[in-house]
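One structure is given below, encoded as C-alpha cells.
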Amino acid sequence: MRNLKGRLDLCSINTATLGHREPLSRTIDRIASAGFGGIAPWRHEVEKVNVAEVAKQIKALDLTVTGYCRSTYLPAATRAQFDANIDDNKAALRDAATLGARCFVMVVGGLPEGSRDLRGARAQVSDGIAELLETAREFGVPLALEPLHPMYAADRAVINTLAQALDICDALDPERSGFLGVAVDAYHCWWDPALQASIAAAGRNERILAFHVCDWLRETRDLLLDRGMMGDGVVDLSALRERVERNGYDGLVEVEIFSKENWWRRDPDDVLRVCAERLQTVC
C-alpha cells in the first residue's frame, strides 16, 4: 500500500466536499493551493460556466480530474424519457472528455416514479450502459459504475453492490476494453459481506477506476447529507485502501463528503486542512 504521508499529490477532492458554496473557479484554486493532486467536479457546477475554461484552469494548476460527477439517472417511465436520459449522458461524456476526466461516474438511478418494477429498472440500467459504452469509447472516457448503499435503491441507484456492477461490466464488456469499470466508494460498500471477493474480482479484470473515501457515522442523522470525515466513523479506511491498491488500483484517493450540518458549514480551507490530515493518518 502506498504511503500518503507527504503525498497529497496522490489525493483528490470531490468538490461536493466543500458544499458547492463558491464559484467553481474559486474551489479549483483552493484545492490546488492546498496541495492536492486531483479534483472531481460536478456537472451542475461545470454546466453553469464555460467547460473549456474550466478545463484550462484545471490543466494550468496541474490537477488530475479523477472523475466527473455524475450521470443522469437511466431508468424512466417512457421510452422518450429513457432516450432523453441517454442523450444527457452522452453530452456529459463530451464535457468529461474536454475536462480530461479519468472516468465518468455512473450513479444509475432508482425506480421511475410510481414503479415497483425493480427488475425492469435494472434491465433499463444495463440497456442504457450498453448504449453509452460506444460513446465512452468515442470520447476516451471510461464509465465507472458506482454501486450505492441499498438504502438508495428506490430513488438513486438500483445497483447496490460491487458484484452487481461487475456482472454488468462482464456482460457488456467481456473483452475488458478499459472503458467500463467500477468506482469503489467506502460509504456505499463498507458493509458488504462480499466486499473482499468483489474487490479481488474487480482487480483481476482491471475494473477499478476510482476510489472514494469518507466515513460512516455510527449515529448518522441523515442518510444522504451526514457523511463523516475520515476517522470519525466506523469504516476501516486503511484496510479498505490496502485491499483496493493490492488489487491493482494506482489512481488517486478521492475524498467525497456530503455533510450539510457539519463540514459544509465550516471554512473551506479548514475542511481541506482536515481532509489532508486525515488522508495521511487514517486512510
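Count the sequence shown with UniProt numbering and you get residues 1 to 283, in order. For every residue, glycine included, the Cβ atom is placed at its ideal position computed from N, Cα and C.
I'd like to confirm the pairing. Which residues does DSSP put opposite residue i in its beta bridges?
i, result
"residue 104", "68 and 143"
"residue 180", "143"
"residue 228", "215"
"residue 157", "109"
"residue 38", "12 and 64"
"residue 185", "212"
"residue 259", "226"
"residue 253", "11 and 211"
What residues in its chain sit with their C-beta under 6 angstroms from that of residue i, if we drop five residues either side in the sequence?
i, result
"residue 235", "186, 190, 215 and 216"
"residue 1", "242 and 245"
"residue 109", "73, 74 and 75"
"residue 154", "110 and 111"
"residue 232", "215"
Just the Cα atoms here: how many angstroms apart are residue i and residue j?
i, j, result
"residue 273", "residue 87", "39 angstroms"
"residue 65", "residue 39", "5 angstroms"
"residue 78", "residue 112", "9 angstroms"
"residue 203", "residue 259", "31 angstroms"
"residue 184", "residue 210", "6 angstroms"
"residue 28", "residue 269", "12 angstroms"
"residue 277", "residue 219", "23 angstroms"
"residue 169", "residue 193", "20 angstroms"
"residue 55", "residue 196", "36 angstroms"
"residue 57", "residue 251", "21 angstroms"
"residue 264", "residue 152", "22 angstroms"
"residue 62", "residue 96", "17 angstroms"
"residue 84", "residue 281", "45 angstroms"
"residue 301", "residue 172", "Coverage of the chain is limited to positions 1 through 283, which leaves residue 301 absent and any answer about it impossible."
"residue 34", "residue 239", "26 angstroms"
"residue 288", "residue 138", "In the structure as shown, the chain starts at 1 and stops at 283, and residue 288 therefore has no counterpart that could be examined."
"residue 134", "residue 100", "18 angstroms"
"residue 19", "residue 91", "25 angstroms"
"residue 261", "residue 31", "21 angstroms"
"residue 7", "residue 129", "35 angstroms"
"residue 59", "residue 89", "23 angstroms"
"residue 257", "residue 26", "18 angstroms"
"residue 47", "residue 164", "31 angstroms"
"residue 148", "residue 81", "23 angstroms"
"residue 69", "residue 36", "18 angstroms"
Near residue i, which residues of its chain fall below 7 angstroms by C-beta distance, leaving aside the five closest residues on each side in sequence?
i, result
"residue 176", "205 and 206"
"residue 52", "98"
"residue 248", "203, 206 and 208"
"residue 49", "24"
"residue 131", "86"
"residue 271", "17, 18 and 263"
Taking its Cβ as the centre, do 16 or more other Cβ atoms sit within 10 Å of residue i, making it buried, or is it exposed?
i, result
"residue 12", "buried"
"residue 201", "buried"
"residue 230", "buried"
"residue 3", "exposed"
"residue 45", "buried"
"residue 23", "exposed"
"residue 224", "exposed"
"residue 221", "exposed"
"residue 174", "exposed"
"residue 21", "exposed"
"residue 227", "buried"
"residue 114", "exposed"
For residue i, is the beta carbon positioned less than 6 angstroms from some heavy atom of the ligand HEM?
i, result
"residue 26", "This structure does not include the ligand HEM; it has no bound ligands of any sort."
Whose C-beta lies closer than 8 angstroms to the C-beta of residue i among residues of the same chain, with five residues either side of it excluded?
i, result
"residue 255", "11, 12, 13, 14, 17, 212, 213, 214, 230, 275 and 279"
"residue 253", "4, 10, 11, 12, 211, 213, 241, 279 and 283"
"residue 136", "93, 104, 142, 143, 179 and 180"
"residue 199", "162, 184, 208, 243, 244 and 247"
"residue 237", "186, 213, 215, 230, 231, 282 and 283"
- [ ] Could you tell me whether the stretch 113-131 touches the stretch 155-167, using the rule of 3 or more Cβ pairs below 8 angstroms?
- [x] yes
Open item on the list: Within 8 angstroms, do at least three Cβ pairs link the stretch 143-154 to the stretch 99-112?
Closed with: yes
Open item on the list: Under 8 angstroms, with one C-beta from each stretch per pair, do the stretch 122-129 and the stretch 40-49 reach the 3-pair mark?
Closed with: no
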